[in-house]
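Step one of this worksheet: look at the structure below.
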Amino acid sequence: MSVGLVGAALALTLTSPARAGETPAAASDGRTATTERLTTGWQLTQTGTEARFRGLAPVDRRTAWAAGSRGTVLRTTDGGRSWRNVSPPGAAELELRDVEAFDARRAVVLAIGEGEASRVLRTEDGGATWTESFRNTDPRAFYDCMTFFDRRHGLAMSDPVDGKYRILSTRDGGRSWEVLPSAGMPDALPGEAGFAASGQCLVSAGPRDVWLATGGGATARVLHSADRGLTWTATVSPVPAGDPARGVFGLAFRDRAHGIAVGGDYRKDQPSPRAAAVTRDGGRTWRASATPPPAYRSGVAWLPHSRSAALAVGPTGTDLTTDGGRTWRTIDTGSYDTVSCTPDGSCWASGEKGRIAVATRPGRS
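For the sequence shown, position 306 matches number 305 in numbering that gives the first Met the number 0, and the numbering has no gaps at all.
Here it is, written out as structure tokens:
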């Protein structure tokens with residue numbers, strides 16, 4: 000399969016956006032109706048670093064931020080043609096696993112780890128200066144992921160403390176944070192935790208809905224809150240768990256009802272059956288993909304303006320669905336940890352050894 004299918008899917012969704020109640024058509028062999036316009040797929044960019052980027056936040060087809068190992072933060076404003084190292088000073092020992100960007104100047108990054116290793120840093124000048132806005136002081140907490148509903152309201156989540164996931168909240172764009180009450184959080188399962196693998200274990204859609212992905216326990220669950228993290232409900236997913244290395248690693252919701260979960264077993268020598276699932280009711284129920292990705296996947300993203308197309312990525316490749324996550328087919332074998340798409344028609348992926356790639360609608364740059 001050609002990596003050009005990424006570009007074909009982008010061309011289809013942007014030239015023929017679906018109307019309400021419609022689903023973009025796909026040919027019987029899985030290719031879109033615009034196969035003849037294949038001019039682009041994943042295009043690797045030159046980042047000049049060997050850092051592993053599990054945090055990725057594209058703003059549009061020109062501007063994107065990436066956060067990774069050794070405290071590395073990169074920013075591009077020319078579509079990936081060049082990257083500027085805007086890492087926070089003195090952050091070389093931090094593991095940055097998530098980044099949320101509002102524009103070319105404002106971004107928030109999350110460092111993970113036990114105790115004070117978990118931190119939040121914020122910039123308002125494109126990374127020229129950084130301010131630490133949160134440092135975890137509880138040795139039992141380990142923050143994994145972060146999400147924003149808008150430019151002001153956001154959440155971060157920690158693995159369970161005293162048997163419940165801990166939720167951190169901001170109302171001022173990440174300048175200050177507070178721990179939310181745990182009364183509305185269901186009890187965690189024994190051994191259950193989140194995976195800081197792609198910045199997608201905590202995701203939001205709309206002004207108030209947020210979902211949290213879990214693994215490691217007897218079952219892989221997805222928790223949902225409709226009030227910005229105050230109260231939660233938990234639903235079992237069909238993605239296998241029962242081991243610290245297995246569960247749901249990434250979520251993507253195109254609206255408050257339609258979502259995709261991906262995961263599996265991140266160990267290279269272990270199979271990952273039923274590594275994807277879909278929901279049509281906001282996470283109240285999940286159904287296993289009929290044809291899931293062939294291996295562990297950590298990141299997932301809906302293609303812009305599509306009701307049915309999405310990408311999933313992992314260390315062994317990229318998969319494309321054109322039927323809302325029911326069936327997947329591999330379109331690239333490059334290694335990526337996370338993926339994200341922008342409303343103006345670009346998709347970005349990042350991962351190990353400094354890899355950051357971009358795909359845009361054919362004919363545009």
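Every residue, glycine too, gets a C-beta built ideally from N, C-alpha and C.
query                                                                                                                          : result
Three-way DSSP call (helix, strand, coil) for E113 in this model                                                               : strand
Cα-Cα separation, T337 to D161                                                                                                 : 30 Å
As assigned by DSSP and simplified to three states, the class of R134                                                          : strand
Whole runs of the beta strand (DSSP E) within the segment 144-223, excluding any shorter than 3 residues                       : 153-160, 163-169, 201-204 and 208-212
DSSP-derived helix/strand/coil call for S81                                                                                    : coil
Bridge-paired residues (DSSP) for A63                                                                                          : P57 and T75
Contacts around E35, its chain only, beta-carbon distance under 7 Å, and the 5 residues preceding and following it disregarded : Since pLDDT at E35 reaches only 25, below the 50 mark, its modelled position is unreliable, and no value is offered.
Under the three-state DSSP convention, the category S27 falls into                                                             : Because S27 sits at a pLDDT of 30, beneath the cut-off of 50, its placement in the model cannot be relied upon, and the point is left open.
Close-in-space but distant-in-sequence residues of the same chain around R273 (CB under 7 Å, 5 per side omitted)               : P237, V238, P239, A287 and P291
Cβ distance (whole Å) where R51 is taken to contact G67 below 8 Å                                                              : 5 Å
Helix, strand or coil at G374 according to DSSP, with G and I counted as helix                                                 : This structure does not reach residue 374, given that the chain is present from 0 up to 364, and the question cannot be answered.
Residues of its chain near S349, where Cβ-Cβ distance is below 7 Å and the 5 sequence neighbours each way are ignored          : F52, L55, A65, Y335, D336, T337 and I355
Buried/exposed call for C346, threshold 16 Cβ in 10 Å                                                                          : buried
Local conformation of S68 per DSSP, three classes                                                                              : helix
Y164 beta carbon less than 8 Å from that of M184                                                                               : yes
Identity of the residue in G333, R255 and G112 nearest S224 by Cα                                                              : R255
Inter-residue Cα distance where the pair is R279 and E94                                                                       : 34 Å
L43 - DSSP class collapsed to helix/strand/coil                                                                                : strand
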